[in-house]
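Peer 1:
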Amino acid sequence: MTADRRAAWFVFVAAVVFFSIGAASRGLWHPDEHRIAEIARVMSLPGGDWIVPHLGGEVYTHKPPVVPWIVAIAHGPLGLDLAIAAKVPSILGGALAVLATFLIARRFFGHTAGVAAATVLATAGEFDWICRRAQYDPLLTGFTTMGMWCFVRSRFPAPDERATPWRDAILGSLCVGLGVMVKGPVALIFTAPVLIAFAVASRESKSLATPRAAAVLLVLLPAAVWLTFAGAQGGTDYASKLVIDRAAAQTGGDDSKAEPFWYYLVALPKGLLPWTFFLPAAVLAATSRRKDDERRADLFTLAWLVVPFVVMSLIPAKRDLYLLPLYPALAICVGKLAALGDERLRGAAFGVPRTIVGVLALAGGVLAIVLAALVMTGQDGAIESRVPAWTTVRGGIGWSGPILTVLAGALLAVLGWKTLRDASPARAFEHVLSGAVVGSMAFAAIVLPSADPAESPRRFYEKTAALVGDAPVVRYGVNDFAGHWTMRRAQIPYVREADAAERFLRDTPGPAFVVVERETLDRKGAPARTRIVLEERLPLDKDLLLLTRDDR
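The working numbering numbers the first residue of the sequence shown as -3 and each following residue consecutively.
(1) Using a threshold of 9 angstroms, state whether the C-beta atoms of L136 and V178 are closer than that.
(2) Of all Cβ atoms in chain C, is any one closer than 9 angstroms to the Cβ of V303?
(3) So what does DSSP say about Y56, is it helix, strand or coil?
(4) Using the beta-carbon count (16 or more within 10 Å), is K414 buried or exposed?
(5) Buried or exposed: I80, going by 16 or more other Cβ atoms within 10 Å of its Cβ?
(6) For Y234, which residues of its own chain have a beta-carbon under 8 angstroms away from its beta-carbon, when the five flanking residues on both sides are left out?
(7) Please identify the residue among P60, G361, A101, R2 whose C-alpha is closest to the C-alpha of A327.
(8) So what does I528 bridge to, in DSSP terms?
(9) According to DSSP, is R163 part of a helix, a strand, or is it coil?
(10) Starting from the N-terminal side, write out each stretch of the alpha helix (DSSP H) that is 4 residues or longer and does not extend beyond the stretch 186 to 210.
(11) Could you please give the first and the last residue of the uninterrupted alpha helix (DSSP H) stretch that includes V307?
(12) Are the stretch 491 to 498 and the stretch 517 to 533 touching, with three or more C-beta to C-beta distances below 8 angstroms?
(13) Rank T141, E290, P155, C127 by C-alpha distance to the C-alpha of S169 and give the top, closest one.
(14) Quick one: Cα of Q131 to Cα of K202, how far?
(15) In whole angstroms, what is the alpha-carbon distance linking L317 and I126?
(16) Look at the Cβ atom of D45, then the Cβ atom of G89, and state whether they are nearer than 9 angstroms.
(17) So, under 8 angstroms CB-CB, F147 and R103 are touching, yes? Tell me the CB distance rounded to an integer number of Å.
(18) Within 8 angstroms, do at least three Cβ pairs link the stretch 449 to 457 to the stretch 527 to 538?
(19) Give the C-beta separation of G424 and A344 to the nearest angstrom, bearing in mind that I take them to be a contact with Cβ-Cβ under 8 angstroms.
(20) Just confirm the distance between the C-beta atoms of A112 and L429, as a whole number of angstroms; I'd bet it's less than 8 angstroms.
(21) Spatial neighbours of C171 within its chain, please: CB distance less than 6 angstroms, with the 5 preceding and 5 following residues excluded, ordered by chain position.
(22) Buried or exposed for A26, please, with buried defined as at least 16 other CB atoms from any protein chain shown within 10 angstroms of its CB.
(23) At which residues does the alpha helix (DSSP H) containing R471 begin and terminate?
(24) Just how far apart, CA to CA, sit Y490 and D476?
(25) Tell me which residues share the same chain as L269 and place their Cβ nearer than 7 angstroms to its Cβ, disregarding the 5 neighbours each side in the sequence.
(26) Can you name the residues that DSSP bridges to V511?
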């Protein structure tokens, strides 16, 4: 194995380990996570349908099945706890994206830039957070970024590398095709228009007319194979709803996620933090004092950023995580700073972001030490009086949390101080990269597990399962599927109004129970003649309650 391949494998394995930190210490929080977990759980049951996904006893037509497939394999044959298995696609997708970002940045600007870009991507706030959740977008990002790497291999050949244009075209198209199998045609938005725009802008349009361009048809191959079997089993109506109806809902604006066109102008910089502070320096570095090869690489990265950003901004349905496939391009822009040297960094106005991030790291490290000291000495009463959820969070910290917080805080403070004081801008940027890794690891290993009791409904449903046994349960206003997989119920019915929950309790012989959020009771009212038998306090009035009839 060559040194380059060893480095690539090291980056991939390191990224898998990095995103796996804390995975076993945190449950599933968001309804999207419970939905993915439930689809996979049903799929992995004996006799489960692996071709046509099901949710709540009905065919699920919102997403293709690649993510549930991976979760079902990790949970069923491999035996992982479902809360851990549900995060496996995100971990693998994040690691693939980090690897491809490393390879592209290394090809463009050298090994140092490759390592820096991989680090920037892994520690960017939104990317780091989403890759630790059960979601579709990290795996989509992994496949689309690997597809872009195949294109870069073809169009930016290394001097000592044997050209394999057909292999690159085929593998790149299949990678994008797998992205389509993760989340649908949106994978094409982050790839095909970029390649066309780059070819036109770089005056290389002839590359679009080569015989290898026919390999783009392989983008459709994975979805075509699966839809052939799914259509035969679920009917043509299933394929139509999945492909046509969902695409129309997302692009037509009749989706509940509709936002104004400028939404991503705020969301993307916010999600890139702390690296947003370095974007002005990255833009200056990408537009001045460049060689021809560097200018061409910058043009490709710019096309990768701008074209999908514009297209996604024109689509009414928007969420912060929808732009996750753009984070590798942003990481390459910022990571390039590591390869510029002191002179060019000074010319790129590097001093301002360096100072801001250094002060933030120093202050954050000191604050972490102070907070840990308050917890260890029992002097955190002031926090509890101002943050209602602190009592719940405090119970999830454990004995090791404050010690790890002190160590991470001290290391972060030292790196922040070095960032401010080091005479070399290049070495200061290395300190920033190291500080970002420390901060991200502390977030995953300390903050997320500590917050789990305040965010995860798993503990409530485990108590409910022990209390109700086999008695019937209904969800009133609780539109998640956490209870299904936690209580191992094939189906927990859902009702929208208090009178429907009341009828359920009245008409069910023997003990019967209703799961409801306090916010729903405040907004819609409680079923008549009921009492609370179990309560789990969660933040933002999301407390979960278990009700039964007051005469039982």
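Every residue, glycine too, gets a C-beta built ideally from N, C-alpha and C.
As the structure is a prediction and not an experimental result, all values here were calculated from the model.
Peer 2: From the atom records:
(1) Residue mapping note: residue 136 aligns to position 140 of the sequence shown, counting from 1. Residue mapping note: residue 178 aligns to position 182 of the sequence shown, counting from 1. Against a cut-off of 9 angstroms, the Cβ pair of V178 and L136 comes out as a contact.
(2) Although the question refers to chain C, the structure presented lacks it and comprises just one protein chain.
(3) In the sequence shown, the residue the question calls residue 56 occupies position 60. Correct three-state label for Y56: coil.
(4) Within the sequence shown, numbered from 1, the residue matching residue 414 stands at position 418. Result: buried.
(5) By one-based count along the sequence shown, residue 80 stands at place 84. So I80 counts as buried.
(6) Here residue 234 refers to the residue found at position 238 when the sequence shown is read from its first residue. Counting only residues of its own chain and dropping the five nearest sequence neighbours on each side, Y234 has a CB closer than 8 angstroms to the CB of V48, V55, T57, A226, G227.
(7) As a working mapping, residue 327 is identified with position 331 in the sequence shown. When only C-alpha atoms are compared, the closest one is A101.
(8) By 1-based counting over the sequence shown, the position of residue 528 is 532. Paired residue(s): L543.
(9) Taking the sequence shown and counting its residues from 1, the one referred to as residue 163 is at position 167. Correct three-state label for R163: helix.
(10) 188 to 197
(11) If you number the sequence shown from 1, residue 307 lands on position 311. Unbroken alpha helix (DSSP H) run through V307: 288 to 310.
(12) yes
(13) By 1-based counting over the sequence shown, the position of residue 169 is 173. The shortest Cα separation from S169 among T141, E290, P155, C127 belongs to T141.
(14) In the sequence shown, the residue the question calls residue 131 occupies position 135. In the sequence shown, the residue the question calls residue 202 occupies position 206. Distance between the alpha carbons of Q131 and K202: 38 angstroms.
(15) Along the sequence shown, one-based indexing puts residue 317 at 321. Along the sequence shown, one-based indexing puts residue 126 at 130. So the alpha carbons of these two residues sit roughly 7 angstroms apart.
(16) For the purposes of this step, residue 45 is taken as the residue at position 49 of the sequence shown. For the purposes of this step, residue 89 is taken as the residue at position 93 of the sequence shown. Cβ atoms of D45 and G89: not closer than 9 angstroms.
(17) Working through the sequence shown from its first residue, we reach residue 147 at position 151. Working through the sequence shown from its first residue, we reach residue 103 at position 107. Wrong, their Cβ atoms sit about 11 angstroms apart, outside the cutoff.
(18) Verdict: yes, contact present.
(19) For the purposes of this step, residue 424 is taken as residue 428 along the sequence shown, with counting starting at 1. For the purposes of this step, residue 344 is taken as residue 348 along the sequence shown, with counting starting at 1. Before going on, a small fix: residue 424 reads as Ala here, not Gly. 13 angstroms between Cβ atoms; not a contact.
(20) As a working note, residue 112 is residue 116 in the sequence shown. As a working note, residue 429 is residue 433 in the sequence shown. That pair is a contact at about 6 angstroms.
(21) Locating residue 171 in the sequence shown gives position 175, counting from the first residue. Hits under 6 angstroms: F139, M142, G143.
(22) For the purposes of this step, residue 26 is taken as the residue at position 30 of the sequence shown. This sequence places His at residue 26; Ala is not what is there. Flag for H26 reads exposed.
(23) Against the sequence shown, residue 471 aligns to sequence position 475. Here R471 belongs to no alpha helix (DSSP H); instead the beta strand (DSSP E) covers 469 to 472.
(24) As a working mapping, residue 490 is identified with position 494 in the sequence shown. As a working mapping, residue 476 is identified with position 480 in the sequence shown. C-alpha separation (whole angstroms): 10 angstroms.
(25) In the sequence shown, counting from the first residue as 1, residue 269 sits at position 273. Cβ neighbours of L269 beyond the five flanking positions: G121.
(26) Your numbering for residue 511 matches position 515 in the sequence shown. The partner list for V511 (beta bridge, DSSP) reads R471, L542.
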